[in-house]
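Only one structure is covered here, and it is reproduced in the block below.
Numbering (my numbering), first residue to last: 12 to 602.
Next comes the structure, spelled out in structure tokens:
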């Protein structure tokens, strides 16, 4: 197994030039310094047993450097993680940031194992806390179940845990901060448990302790039992500072019951009750626990349906429940606008999703869940569901709870220009909250919804202006045109494959993850040609946008084979696969 020091990709610089108004001070909110983070879920070693199993790369860029790339083509350089934040010293290897020498502990003390005894990797997401000081780290590698915290300012590890194992499994998909950063909510996907880390801070907002609270756990699967208790990893981080972590509570106080408040099975087929109405919930692998300002988690499920949880109680408690026919499955996008939560539905990540087509957006009134609600109450508003195959894109298939879709499987694959499939995934709101933008991972489109009128505007990530005119910057950044081992002239170019995204604090841009030619996850819907982070320039007051530039990433150390069902059998060496893009305001530079 080989690890190689990686340097940033400098072979291609892509930018669309546009007139920029004179910057104004951060005092009026127009020149706020920030970082854009891109998490690369490819392996950071060679000879790994499979894609996304050992290590990952962390890419971070300063807003000033991004601005320079957009305006004059000067390539933005990724920051290092040694505390100096020097452009050009990145990307950072997850295996260095969380060293394998960290000692494993359970609630009784040292176990004798070390972090390096496990395969840990597939960095799937990193989101800033409300204080803009720390980033959560979710590792989606199969069977490992790691979730951690980084200091966003110094890029050093702060805490790392391995989540609870149950008779259903043990694997983290994503994690989300609560409204004030006093807790981190964890989607234990395979374990089918919503878990919580309680966060203690000093008066300045610095984290002083991270406590994995076993009593807070809320099971959402059927007939669950704990098979492996939570672990934490202590010792010195790469900066020589002590890791934080403690384990509190007791599983005997957690809620691993089978039934909802309505007396229905949380997951269909439980031994103690009947399935929920409107299809119930057939497979409760947790996709994302989207958190509201009232600290309610909207727990989306791979098999469809939704549970709403009050995350302030111990254990966390169910206050809302929906069947898969009411809220269809596999959504991960979610934002709050006013008192409404915006959620989506997309294709299944499993092999079955290879023939799915889904683009649906819902809203729910968060204020309704101050008290426990009856089943499927209140009904969501379906803001948009693609039911028309006459627009060049397929109508939603009748899958994951959708009853009014096309009953036939969609066999068109994922190649651009050939596939008619759709996949709703990443979602963000504009700074004004006037519009919500949601990507289509297969069609390279973004649907922008006016949050007052619910009017929809569509723009693309492949053209110069977002409206089909000219060729956008993803084309020039495509692996297709590279020389040597990374290139493959037959790979379809200008295939952005957008994923998760966030809005920059100046309100000018959206930062969106762009997937690579060897996708690590959702391989049937996420093959792309220009891996990196796309910078979308918002237009028309946030109503539309266009791809302005690509912060191109690279990884030729990973050598695991390609798998992209319905896509192209890429033969090159480029393995970079950015799944998450997020933004952290540099509060340390605003004091």
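All residues carry an ideal CB built from backbone N, CA and C; glycine is no exception.
Status (buried if at least 16 other CB within 10 Å, exposed otherwise) for residue i
{"i": "residue 584", "result": "buried"}
{"i": "residue 121", "result": "exposed"}
{"i": "residue 302", "result": "buried"}
{"i": "residue 440", "result": "buried"}
{"i": "residue 602", "result": "exposed"}
{"i": "residue 36", "result": "With a pLDDT of 36 at residue 36, under the threshold of 50, the modelled position of that residue is not reliable, and the figure given next carries that caveat. With fewer than 16 Cβ atoms within 10 Å of its Cβ, residue 36 is classed as exposed."}
{"i": "residue 422", "result": "exposed"}
{"i": "residue 414", "result": "exposed"}
{"i": "residue 464", "result": "exposed"}
{"i": "residue 52", "result": "buried"}
{"i": "residue 482", "result": "exposed"}
{"i": "residue 224", "result": "buried"}
{"i": "residue 484", "result": "buried"}
{"i": "residue 510", "result": "buried"}
{"i": "residue 368", "result": "buried"}
{"i": "residue 5", "result": "With the chain covering only 12 through 602, there is no way to say anything about residue 5."}
{"i": "residue 345", "result": "buried"}
{"i": "residue 599", "result": "exposed"}
{"i": "residue 495", "result": "exposed"}
{"i": "residue 480", "result": "exposed"}
{"i": "residue 347", "result": "buried"}
{"i": "residue 530", "result": "buried"}
{"i": "residue 119", "result": "exposed"}
{"i": "residue 385", "result": "exposed"}
{"i": "residue 597", "result": "buried"}
{"i": "residue 593", "result": "buried"}
{"i": "residue 88", "result": "buried"}
{"i": "residue 398", "result": "exposed"}
Spatial neighbours of residue i in its chain, beta-carbon cut-off 6 Å, leaving aside the 5 residues before and after
{"i": "residue 289", "result": "334, 336, 337 and 387"}
{"i": "residue 308", "result": "196, 300, 302, 320 and 322"}
{"i": "residue 504", "result": "486, 489, 491 and 540"}
{"i": "residue 330", "result": "319, 321, 380 and 383"}
{"i": "residue 408", "result": "367, 368, 416, 417 and 421"}
{"i": "residue 100", "result": "91"}
{"i": "residue 164", "result": "599"}
{"i": "residue 185", "result": "136, 149, 198 and 299"}
{"i": "residue 574", "result": "534"}
Residue i: first and last residue of the uninterrupted alpha helix (DSSP H) it sits in
{"i": "residue 376", "result": "No alpha helix (DSSP H) holds residue 376; the beta strand (DSSP E) holding it covers 371-376."}
{"i": "residue 75", "result": "74-83"}
{"i": "residue 108", "result": "105-108"}
Sequence-distant residues of the same chain with beta carbon closer than 7 Å to residue i, five excluded per side
{"i": "residue 392", "result": "373 and 374"}
{"i": "residue 111", "result": "125, 126 and 127"}
{"i": "residue 285", "result": "275 and 276"}
{"i": "residue 378", "result": "350"}
{"i": "residue 578", "result": "424, 425, 426 and 538"}
{"i": "residue 129", "result": "155"}
{"i": "residue 25", "result": "For residue 25, the predicted structure reports a pLDDT of 38, less than 50, and the residue's modelled location is therefore unreliable. The matter cannot be settled from this model."}
{"i": "residue 245", "result": "113, 114, 116, 254 and 256"}
Below-8 Å beta-carbon distance, residue i vs any chain B residue
{"i": "residue 151", "result": "As a matter of chain content, chain B is missing from the structure shown, which is built from one protein chain."}
Delimiting residues of the beta strand (DSSP E) encompassing residue i
{"i": "residue 299", "result": "297-302"}
{"i": "residue 484", "result": "Segment 484-487 is the alpha helix (DSSP H) holding residue 484; no beta strand (DSSP E) there."}
{"i": "residue 513", "result": "509-514"}
{"i": "residue 220", "result": "218-224"}
{"i": "residue 579", "result": "From DSSP, residue 579 is part of no beta strand (DSSP E); its letter is neither H nor E."}
{"i": "residue 588", "result": "Neither: residue 588 is in no beta strand (DSSP E) and is coded neither H nor E."}
{"i": "residue 167", "result": "Segment: none, residue 167 is in no beta strand (DSSP E) and carries neither H nor E."}
{"i": "residue 347", "result": "345-348"}
{"i": "residue 136", "result": "134-136"}
{"i": "residue 125", "result": "120-125"}
{"i": "residue 470", "result": "467-471"}
{"i": "residue 205", "result": "204-212"}
{"i": "residue 117", "result": "114-117"}
Nearest-angstrom beta carbon gap, residue j and residue i [assumed within contact, 8 Å]
{"i": "residue 499", "j": "residue 395", "result": "Residue 499 to residue 395, Cβ: 36 Å. No contact."}
{"i": "residue 233", "j": "residue 296", "result": "In fact, because the Cβ distance is near 12 Å, the residues do not count as touching under 8 Å."}
{"i": "residue 174", "j": "residue 161", "result": "Contact doesn't hold; Cβ gap of about 17 Å is too wide."}
{"i": "residue 339", "j": "residue 364", "result": "Not really, about 13 Å apart at Cβ, beyond 8 Å."}
{"i": "residue 563", "j": "residue 557", "result": "Contact flag wrong, Cβ pair sits at about 18 Å."}
{"i": "residue 132", "j": "residue 67", "result": "5 Å"}
{"i": "residue 227", "j": "residue 325", "result": "5 Å"}
Same chain only: Cβ atoms within 8 Å of residue i, ignoring 5 sequence neighbours per side
{"i": "residue 361", "result": "313"}
{"i": "residue 33", "result": "Any reading at residue 33 needs caution, since the residue's pLDDT is 29, under 50, leaving its predicted position unreliable; the model's value is listed next. Here the set comprises nothing."}
Distance cut-off 7 Å: residue i Cβ against heavy atoms of the ligand ATP
{"i": "residue 140", "result": "Annotation note on the ligand ATP: not contained in the displayed structure, which lists no ligands."}
- Message: Does the contact criterion of 3 or more C-beta pairs under 8 Å hold for the region 140-149 versus the region 183-192?
- Response: yes
- Item | Cβ pair count under 8 Å reaching 3, the region 277-291 against the region 238-253 | no
- Touching by the beta-carbon criterion (3+ pairs, under 8 Å), the region 53-69 and the region 562-572: yes
- Message: Is it the case that the region 180-189 contacts the region 242-254, given that we only count it when at least three CB pairs across the two stretches are under 8 Å?
- Response: no
- Query: Does the pairing of the region 546-564 with the region 425-445 give three or more beta-carbon distances under 8 Å?
  - Reply: yes
- Determine, using beta-carbon pairs with one atom in the region 207-220 and one in the region 67-84, whether at least three such pairs fall under 8 Å. no
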